[in-house]
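Residue numbers (the working numbering), protein chains in the order written: chain A, 9 to 136; chain B, 9 to 136. One structure below.
Protein chains: 2
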Amino acid sequence: MRPLTHPSIEDITVEGILHALSDPVRAAIYARLACAERANTCSAFLQLDDRTIPKSTLSQHFRALREAGLIRSERRGVEMLNTTRCEEIQQRFPGLLQAIIQAHSIQSAGHGKPTPRRKGAAAKAKAG
Amino acid sequence: MRPLTHPSIEDITVEGILHALSDPVRAAIYARLACAERANTCSAFLQLDDRTIPKSTLSQHFRALREAGLIRSERRGVEMLNTTRCEEIQQRFPGLLQAIIQAHSIQSAGHGKPTPRRKGAAAKAKAG
DNA sequence: TCATAAGTTCGTATGTTGCGAACTATTGAA
DNA sequence: TTCAATAGTTCGCAACATACGAACTTATGA
């Protein structure tokens, strides 16, 4: 078990961020971490959007997020506490994470998954 | 040779956009298309950032961009004219593409490729 | 020392990507 | 027509990436 490695802020790349967040599972994890009040364990995500993620897969996803520089993970006894590094990234790439998270929420709103409340949202998008 | 397919605007996904732009070659192509005055052919990108991209690889990259909804391609005689669909996407996911392109340019500026001018930029980022 | 719990790593099956070779349009001669 | 040239596409395979069950490591508490 190698010790946890986090890239320094100047080693974080846009490609890495985009690739990490182009996976729906990782994007969901990151979104939940981003609006969490306090750190979350990995196992808090074994249930994600009505779907069960295997433990080993989850571990890989957390590693991907960590190595992309999106989250910081810290051992705390037997478990692991994960937080986002959004302030750092906001400094380096202003507006990037915010735009991505907002886009994800626009999309899931349109697909009627969360907040299936407002009526004209999906219809309006057809103006292409 | 199947006819060119473009997704309708409501079928464009954030995951698809992020994945397409997480590749440095595609990101470079898209960035150049985005600030181009008029449509560009595929072969205009055979030379990209001091690097030669094989024709077949380039074709795959254009297909990826097209199917992600990022560009529109149109046959014009023997060649193909490519333009971005940024206005449509801006409507659906406001600020997303702008933030990504800006982040890419911040990054390449930091790596001393274009505008290798300012001095303390890299050192200051170490405050992580 | 043992059981349990939280994550990680390994092995393998399956998917994705890069690129040369062969192919398909389209155009413009002859 | 037929031929050559040009712009892209598709095929096939090797290399790389990903998902997940099984086995492992590390920390904790009885």
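Glycine included, C-beta positions come from ideal geometry on N, C-alpha and C. Computed from a predicted structure; not experimentally measured.
Serine 30 of chain B and serine 30 of chain A do touch by the CB rule: their CB atoms are close to 6 angstroms apart, below 8 angstroms. Interface with chain A (8 angstroms Cβ-Cβ cutoff): glutamate 75 of chain B is excluded. The CB of glycine 103 of chain A comes closer than 9 angstroms to the CB of Gly103, Gln106, Ala107, Gln110 and Ala111 in chain B, given here in chain order. By the Cβ criterion, the segment 48-62 of chain B is not in contact with the segment 108-116 of chain A, since fewer than three pairs of Cβ atoms, one from each stretch, lie closer than 8 angstroms. Within the segment 23-36 of chain B, contact with chain A at the beta-carbon level (separation under 9 angstroms) is assigned to Glu23, Gly24, Ile25, Leu26, His27, Ala28, Leu29, Ser30, Asp31, Pro32 and Ala35. Identification of residues in the segment 55-87 of chain A having a C-beta nearer than 8 angstroms to some C-beta of chain B yields an empty set.
Membership of isoleucine 79 of chain B in the beta strand (DSSP E) is indicated by the continuous run 79-84.
Per DSSP, reduced to three states, the secondary structure at threonine 60 of chain B is strand. Cβ contact annotation for leucine 105 of chain A (same chain, cutoff 7 angstroms, sequence separation greater than five): Cys94, Ile97 and Gln98, in chain order. Using a Cβ distance threshold of 8 angstroms, leucine 56 of chain B and alanine 36 of chain B count as a contacting pair.
Of the residues assessed, valine 86 of chain B falls on the exposed side of the cut-off, its CB having fewer than 16 other CB atoms within 10 angstroms. Boundaries of the beta strand (DSSP E) around glutamate 87 of chain A: 87-92. Nearest neighbour of glutamine 115 of chain B by Cα position, chosen from A/Thr92, A/Asn90 and A/Ile25, turns out to be A/Ile25. Residue pairing for glutamine 55 of chain B: DSSP places it in a beta bridge opposite B/Thr60.
Between alanine 28 of chain B and leucine 78 of chain B, the gap from beta carbon to beta carbon is short of 8 angstroms.
Residue nearest to valine 22 of chain B within the set A/Pro32, A/Pro15 and A/Ile17 is A/Pro32 (criterion: CA-CA distance). For alanine 117 of chain B, the enclosing alpha helix (DSSP H) covers residues 104-118. Where alanine 39 of chain A is concerned, the enclosing alpha helix (DSSP H) starts and stops at 32-42. In this model, proline 62 of chain A and alanine 76 of chain B are separated by some 29 angstroms (Cα to Cα). Inclusion of arginine 83 of chain B and histidine 14 of chain B in the CB contact set at 8 angstroms is not warranted, their separation being larger than that value. Here serine 67 of chain A is exposed, its C-beta having fewer than 16 other C-beta atoms within 10 Å. Check the Cα spacing between serine 113 of chain A and each of A/Arg40, A/Pro11 and A/Met9: the tightest is with A/Arg40.
Residue environment: arginine 10 of chain B is assigned as exposed (fewer than 16 neighbouring CB atoms within 10 Å of its CB, all protein chains considered). Ranked by how close their Cα comes to the Cα of glutamate 45 of chain B, the residues B/Thr91, B/Ser81 and B/Glu18 have B/Thr91 in first place. Shown here for isoleucine 20 of chain A: same chain residues with a beta carbon closer than 6 angstroms to its own, the five before and five after excluded, namely Gly77 in chain order. Beyond the five residues adjoining it in sequence on each side, threonine 60 of chain B comes within less than 8 angstroms, by CB distance, of Leu54 in the same chain, given in chain order. If you draw a straight line from the Cα of isoleucine 17 of chain B to the Cα of phenylalanine 101 of chain A, it is about 27 angstroms long.
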